[in-house]
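Taking it in order: structure first as structure tokens, then the write-up.
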């Protein structure tokens, strides 16, 4: 890996010097990602489920042991502060598998004020992702044929050759695959080597969360696609918010008000004209054809699948309507772009 | 600058390729630090002061407008979660000038649960530090002679040549100096250039928070000298905790219990024998002369002032007693060390 970032105070490798090969391995074969920086916040104790239900803007009341759910977390004012996957590990234990913000402090603050009988901690759990069309065969070759039966967002907690881990059918791509939640950091090399060897017949490659693939299929990158004020409706993940829930949860009243008011801006897709653009993670201002401010890009990437430039942008109302024509600044000047719904449907 | 780290999701330059010159400029002349990553969490509104009093383990009831205080923040279980300097900016506005953790989320969680009438935000404020014996002359040459009259941990909020900023006598060194809290990020170059020009007669040098100087004088580096479970007594900043306060604050009961029980480990100084050691920020395990575990180093540095190797270490009770002989592993083998109180008094 030649490019890295810092995520939850840890190093996250994000690309090799051959992005085309990274993309090809992920979409055609199998890719192995060190995503140990995707930390878990563990909530454990008699009040764990009730607390988690109060923390999450998505209804977790039906979350069974061995199942996971994508569960946006909003603050009391309805701002999106993280978008973890929540795993029900056992009767009284839940993991929030988090994006890059200190959810541990936030949960401790709320549980402390409520006086809940829980322990909130960061356990020794480091995810390793195996993603791509051959991920299932690779993982099954290590852990057994039962892996084929595992449903999406379901997991088993096992010991394999002395390695404690959770094998979950999940991951930050739409290529199918697994996240292996290693529960003993000293056994990382051992787990890596097992998967690496099993992936050889499938052409496994070292990879990382892939920006082109995740934009083509729209998986939200919290903190990149969102800013400090984004709410889940603006961030195009409103469908995961259970405002009809009868129980109270953090931010519920604020979110009800936001939904009633309607958003003033919205994360949308952009189809950008012209030659392939260099990936640009820095926000740049968009404008209408007559030059007025229309929002800002959050990510721009050339899509190998669609063979065109895609963008994600926070677009001001009413320019968020699909079909709206906008202008995007690029290193070679302004380029025409069209607003489309997410996920892309090209 | 040739060495940098990530702090509050921003880049913090930490050293040039000439550490001796960095140290000499800071302790003999004047050093200019970009510490924009030292973010402010602003609490504003009718309930701001009452909330801050509840958040802080140090009594802030006497904090006047224009004054600052070092105010450790502990969670409900008494763990030290940050150690900001708190500035009372005006009647209903307080800034927490924070170390590297998401205090914003933590404060919003608590104020949200309490229902306080406050707004908690991260304003456009980026500190620039001017530190060293000639810092006062440098800063006074820019802003005026009144700077000489400013007492330690006091500030004035001014506009200077169109630049809005807070001029505070403070900073993360014991060489005296100022932190300039720039309130308009677009004017960073302008402010930098003013200070840089005024510092020329004094031999100003670009610098950064200096590990050798801060260890010699013991300024706590939260997150480096502390771990996830450290409490303020263990971290040698217990004198800033006002357990005698009549009001309730977050973690008060837990801290009372911890003080009654006494610590099981404590941050102490180490005097390490032998030739100058390379600075090592990675914790390494300490042992007693008979080989049993005695704690771990948190920082090791060669002190130009004392011309010997110093360490900060979390030492297990009863090895925390001053004069205790321990062994420190180094690249050239085990070295004898002696435990001393903090701050160093050599």
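Chains as they are written, first to last, in this note's numbering: chain F, 4 to 349; chain S, 4 to 349.
We put the CB at the ideal spot given by N, CA and C, even for glycine.
As the structure is a prediction and not an experimental result, all values here were calculated from the model.
Query raised in the report: Under three-state DSSP, which class holds residue 185 of chain F?
Result: The residue labelled residue 185 of chain F in the question sits at position 182 within the first chain. Residue state for residue 185 of chain F is assigned as strand, using DSSP reduced to three classes.
Report task. Go ahead and label residue 155 of chain S buried or exposed: buried means 16 or more other beta carbons lie within 10 angstroms of its beta carbon, across all protein chains shown. Result -> Start at 1 with the first residue of the second chain, and residue 155 of chain S comes out as number 152. Counting the other Cβ atoms within 10 Å of the Cβ of residue 155 of chain S gives fewer than 16, which makes it exposed.
Query raised in the report: For residue 109 of chain F, which of F/255, F/44 and F/258 has the nearest alpha-carbon?
Result: Translated into positions along the first chain, residue 109 of chain F becomes position 106. Taking only the C-alpha atoms, the option nearest residue 109 of chain F is F/44.
Query raised in the report: Hey, is the segment 140 to 156 of chain S in contact with the segment 93 to 100 of chain S, meaning 3+ C-beta pairs nearer than 8 Å?
Result: As far as the Cβ criterion goes, the segment 140 to 156 of chain S does not touch the segment 93 to 100 of chain S, which means the pair count is below three.
Query - Contact between the segment 117 to 136 of chain F and the segment 49 to 63 of chain F (3+ Cβ pairs under 8 Å) - result: With the cut-off at 8 Å, the segment 117 to 136 of chain F and the segment 49 to 63 of chain F touch.
Query raised in the report: Quick one: does residue 37 of chain F have its CB under 9 Å from some CB of chain S?
Result: Here the question's residue 37 of chain F lines up with position 34 in the first chain. No, residue 37 of chain F does not count as interfacial toward chain S.
Report task. Would you check if there are 3 or more beta carbon pairs closer than 8 Å linking the segment 123 to 139 of chain S to the segment 21 to 30 of chain S? Result -> Result yes; three or more Cβ-Cβ pairs closer than 8 Å.
Report task. Establish whether the CB of residue 195 of chain F and some CB of chain S are separated by less than 9 Å. Result -> Residue 195 of chain F sits at position 192 when you count from the first residue of the first chain. Chain S, which has no Cβ nearer than 9 Å to the Cβ of residue 195 of chain F, makes this no.
Query - the segment 66 to 83 of chain F: positions lying closer than 9 Å to chain S by Cβ - result: Contacts with chain S (Cβ-Cβ distance below 9 Å) from the segment 66 to 83 of chain F involve 78, 79, 80 and 82, listed in chain order.
Report task. Check the Cβ of residue 105 of chain F against every Cβ in chain S and list those closer than 8 Å, keeping chain order. Result -> Taking the first chain and counting its residues from 1, the one referred to as residue 105 of chain F is at position 102. Ordered by position in chain S, the residues that pass the 8 Å Cβ test against residue 105 of chain F are 104, 105, 108 and 109.
Query - Sequence-distant residues of its chain with Cβ nearer than 6 Å to residue 209 of chain S (five each side left out) - result: Within the second chain, the letter at position 206 stands for residue 209 of chain S. Only 35 meet the Cβ criterion.
Requested in this report: Give the straight-line distance between the Cα atoms of residue 126 of chain S and residue 231 of chain F, rounded to the nearest whole angstrom.
Outcome: For the purposes of this step, residue 126 of chain S is taken as residue 123 along the second chain, with counting starting at 1. For the purposes of this step, residue 231 of chain F is taken as residue 228 along the first chain, with counting starting at 1. Annotation: residue 126 of chain S to residue 231 of chain F spans about 12 Å, alpha carbon to alpha carbon.
**Report entry** Buried/exposed call for residue 296 of chain F, threshold 16 Cβ in 10 Å
**Finding:** Residue 296 of chain F sits at position 293 when you count from the first residue of the first chain. So residue 296 of chain F ends up on the exposed side.
**Report entry** Cβ-Cβ distance between residue 221 of chain S and residue 266 of chain S below 9 Å
**Finding:** Counting from 1 along the second chain, the entry for residue 221 of chain S is found at position 218. Counting from 1 along the second chain, the entry for residue 266 of chain S is found at position 263. Taking 9 Å as the Cβ cut-off, residue 221 of chain S and residue 266 of chain S do not qualify as a contacting pair.
Query raised in the report: Can you tell me the Cα-Cα spacing of residue 39 of chain S and residue 67 of chain F, whole angstroms?
Result: Locating residue 39 of chain S in the second chain gives position 36, where the first residue counts as 1. Locating residue 67 of chain F in the first chain gives position 64, where the first residue counts as 1. Looking at the two C-alpha atoms, the distance is approximately 45 Å.
Report task. Would you decide whether residue 322 of chain S is buried or exposed? Buried here means 16 or more other CB atoms lie within 10 Å of its CB. Result -> The residue given as residue 322 of chain S occupies position 319 in the second chain. That one is buried.
Query raised in the report: So residue 86 of chain S and residue 225 of chain S are in contact, right, with Cβ under 8 Å, and what is the actual spacing, rounded?
Result: Taking the first residue of the second chain as position 1, residue 86 of chain S is located at position 83. Taking the first residue of the second chain as position 1, residue 225 of chain S is located at position 222. About 5 Å separates the two Cβ atoms, so the contact holds.
**Report entry** Of the residues S/308, S/269, S/196 and S/19, the one placed nearest residue 178 of chain S, counting alpha carbons only
**Finding:** The sequence position of residue 178 of chain S within the second chain is 175, counting from 1. Minimum Cα distance to residue 178 of chain S is reached at S/308.
Requested in this report: Report the option in S/223, S/189 and S/259 whose CA atom is closest to the CA atom of residue 247 of chain S.
Outcome: If you number the second chain from 1, residue 247 of chain S lands on position 244. It is S/259.
**Report entry** Cβ neighbours of residue 238 of chain F in the same chain (closer than 7 Å, five flanking residues each side left out)
**Finding:** Position 235 of the first chain, counting from 1, holds the residue named residue 238 of chain F. In its chain, beyond the 5 residues on either side, 83, 223, 228, 229 and 270 have a beta carbon closer than 7 Å to the beta carbon of residue 238 of chain F.
**Report entry** CB-CB length for residue 64 of chain F against residue 74 of chain F, believed under 8 Å
**Finding:** Taking the first residue of the first chain as 1, we reach residue 64 of chain F at position 61. Taking the first residue of the first chain as 1, we reach residue 74 of chain F at position 71. The pair is not a contact, with the Cβ atoms about 12 Å apart (cut-off 8 Å).
Query raised in the report: Within the 9 Å Cβ cut-off, does residue 114 of chain S reach chain F?
Result: Walking along the second chain from the start, residue 114 of chain S turns up at place 111. Yes, contact with chain F.
Requested in this report: With DSSP as the reference, please indicate the residues paired to residue 210 of chain S in a beta bridge.
Outcome: Here residue 210 of chain S corresponds to residue number 207 of the second chain, with the count starting at 1. Residue 210 of chain S is bridged by DSSP to S/36.
**Report entry** Those residues which DSSP pairs with residue 160 of chain S across a bridge
**Finding:** Residue 160 of chain S sits at position 157 when you count from the first residue of the second chain. In DSSP, residue 160 of chain S forms a bridge with S/169.
Report task. Using three-state DSSP, classify residue 122 of chain S as helix, strand or coil. Result -> Start at 1 with the first residue of the second chain, and residue 122 of chain S comes out as number 119. Three-state result, residue 122 of chain S: strand.
Query raised in the report: Do residue 314 of chain F and residue 272 of chain F have their CB atoms nearer than 9 Å?
Result: Reading the first chain from its first residue, position 311 is the one you call residue 314 of chain F. Reading the first chain from its first residue, position 269 is the one you call residue 272 of chain F. For residue 314 of chain F and residue 272 of chain F, yes; Cβs fall inside 9 Å.
Query - Reduced DSSP secondary structure (H/G/I, E/B, other) of residue 149 of chain F - result: Working through the first chain from its first residue, we reach residue 149 of chain F at position 146. In this structure, residue 149 of chain F counts as helix in the three-state DSSP scheme.
Requested in this report: Step through the CB atoms of chain S and report whether any lies within less than 9 Å of the CB of residue 125 of chain F.
Outcome: Your numbering for residue 125 of chain F matches position 122 in the first chain. At least one C-beta of chain S is nearer than 9 Å to the C-beta of residue 125 of chain F.
Query raised in the report: Any beta-carbon of chain S closer than 9 Å to the one on residue 231 of chain F?
Result: Residue 231 of chain F sits at position 228 when you count from the first residue of the first chain. Flagged as an interface residue toward chain S: residue 231 of chain F, by a C-beta distance shorter than 9 Å.
Report task. Step through the CB atoms of chain F and report whether any lies within less than 9 Å of the CB of residue 133 of chain S. Result -> Mapped onto the second chain, residue 133 of chain S falls at position 130. No, residue 133 of chain S lies away from the interface with chain F (no Cβ there is under 9 Å from its Cβ).
**Report entry** Every unbroken beta strand (DSSP E) inside the segment 267 to 294 of chain S [3 residues or more]
**Finding:** As far as the segment 267 to 294 of chain S is concerned, its whole beta strand (DSSP E) runs of at least 3 residues are 268 to 275 and 288 to 290.
Query raised in the report: If we cut at 9 Å on Cβ distances, does residue 301 of chain F have a partner in chain S?
Result: Residue numbering aside, residue 301 of chain F sits at position 298 when the first chain is read from its first letter. Not an interface residue.
Report task. Kindly indicate if chain F contains any beta-carbon less than 9 Å away from that of residue 42 of chain S. Result -> Against the second chain, residue 42 of chain S aligns to sequence position 39. Answer no: the Cβ-Cβ gap between residue 42 of chain S and chain F never drops below 9 Å.
Query raised in the report: When you compare each of S/348, S/341 and S/245 to residue 56 of chain S by their alpha carbons, which one comes out closest?
Result: Walking along the second chain from the start, residue 56 of chain S turns up at place 53. Among S/348, S/341 and S/245, the Cα nearest to that of residue 56 of chain S belongs to S/245.
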